[in-house]
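Trainee: This note's numbering numbers the first residue of the sequence shown as 11 and each following residue consecutively. Where a beta carbon is used, it is the ideal one built from N, C-alpha and C, also for glycine. From a predicted model like this one, the values you see are computed outputs, not experimental measurements.
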Amino acid sequence: MMNRNQWLLGFFMFLSATYALAQGPTQEHKQQKPATQAVQIVALDECDPATFNAALGADFCKNVALGAFTTLDQLFAQAAAGTPDPGWDFEPDSVVIKEGTPLSVVDQGGEPHTFTEVANFGGGFIPPLNAGADTVPECSGGFKNLGVARTRILQGSEIKLPELSKGKHLFQCCIHPWMRVEVEVK
Ligand SMILES: [Cu+2]
Numbered sequence: 011m012m013n014r015n016q017w018l019l020g021f022f023m024f025l026s027a028t029y030a031l032a033q034g035p036t037q038e039h040k041q042q043k044p045a046t047q048a049v050q051i052v053a054l055d056e057c058d059p060a061t062f063n064a065a066l067g068a069d070f071c072k073n074v075a076l077g078a079f080t081t082l083d084q085l086f087a088q089a090a091a092g093t094p095d096p097g098w099d100f101e102p103d104s105v106v107i108k109e110g111t112p113l114s115v116v117d118q119g120g121e122p123h124t125f126t127e128v129a130n131f132g133g134g135f136i137p138p139l140n141a142g143a144d145t146v147p148e149c150s151g152g153f154k155n156l157g158v159a160r161t162r163i164l165q166g167s168e169i170k171l172p173e174l175s176k177g178k179h180l181f182q183c184c185i186h187p188w189m190r191v192e193v194e195v196k
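Here it is in structure tokens:
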């Protein structure tokens with residue numbers, strides 16, 4: 011008959027084998043497996059409150075990041091040079107979800123952004139930030155365009171996306187057009 015120690019040893023060997031089995035396949039298929047739990051995309055930026063608000067009005071930029079800000083002039087200069095500031099970013103850059111999975115975008119940056127679906131990536135509604143690209147039709151007119159206004163995200167707020175059909179969907183910011191996300195719905 012098994013004594014208590016033998017029984018415990020057997021039990022722990024069983025547990026570690028089960029754990030190893032559970033870990034292996036999960037990690038291998040992590041990339042391809044569509045998300046079924048709610049997915050949140052984060053909008054980030056490093057707007058410098060002093061220079062942005064001097065030009066664009068009080069409270070336009072309410073950045074709480076400590077230092078490492080980009081001034082308004084720097085932002086425009088970098089965009090014009092074709093090397094837009096990587097601090098303005100949606101994360102993650104691509105998402106794979108199962109149809110019906112809730113998707114939301116939260117603005118954790120300091121200034122407003124938009125999360126606008128486009129047929130093709132391209133320029134936003136502020137030509138000097140477009141590095142020569144044409145404004146895409148979905149962004150044209152800026153916030154006077156209801157489609158753009160509806161997809162605006164203010165600092166600290168979150169928008170929930172309507173349910174997306176199967177296939178690939180492209181989203182970009184209509185202000186900072188290098189902020190892009192590809193969503194694949196399976
Ligand atoms: Cu933006």
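Measuring CA to CA, which of V115, V106, W188 is closest to F135?
Mentor: When only C-alpha atoms are compared, the closest one is W188.
Trainee: When you compare only the Cα positions, how much space is there between A90 and F62?
Mentor: Approximately 17 Å, taken between the alpha carbons.
Trainee: Is K69 buried or exposed, if buried means 16 or more other CB atoms sit within 10 Å of its CB?
Mentor: Strictly speaking, residue 69 in this sequence is Asp, with Lys absent from that position. With fewer than 16 Cβ atoms within 10 Å of its Cβ, D69 is classed as exposed.
Trainee: Would you kindly report the start and end of the unbroken beta strand (DSSP E) that includes Q50?
Mentor: Residues 49-54.
Trainee: If I measure Cβ to Cβ from V74 and keep anything under 8 Å in the same chain, skipping five residues before and after, which residues do I get?
Mentor: These residues qualify, in order along the chain: G120.
Trainee: Go through the residues and name those whose CB comes closer than 7 Å to any heavy atom of ligand 1, in chain order.
Mentor: Going along the chain, the residues that qualify are A53, D55, W98, H123, T124, C183, I185, H186, M189.
Trainee: DSSP on D83, reduced to helix/strand/coil?
Mentor: Reduced to three states, the DSSP call for D83 is helix.
Trainee: Taking DSSP as the reference, what is the three-state secondary structure of G133?
Mentor: Strand.
Trainee: Should Q88 go down as buried or exposed, given a rule of 16 or more other Cβ atoms within 10 Å for buried?
Mentor: When all chains shown are included, Q88 counts as buried.
Trainee: Quick check on DSSP: helix, strand or coil for L152?
Mentor: For clarity, residue 152 is Gly in the given sequence; the question names Leu instead. Helix, per DSSP.
Trainee: My understanding is that E194 touches S114, with C-beta atoms under 8 Å, so please give their C-beta distance in whole angstroms.
Mentor: Actually they are not in contact, since the Cβ atoms of E194 and S114 sit about 17 Å apart, beyond 8 Å.
Trainee: So T126 is in the beta strand (DSSP E); what residue range does that whole segment cover?
Mentor: From DSSP, the beta strand (DSSP E) with T126 extends over 126-128.
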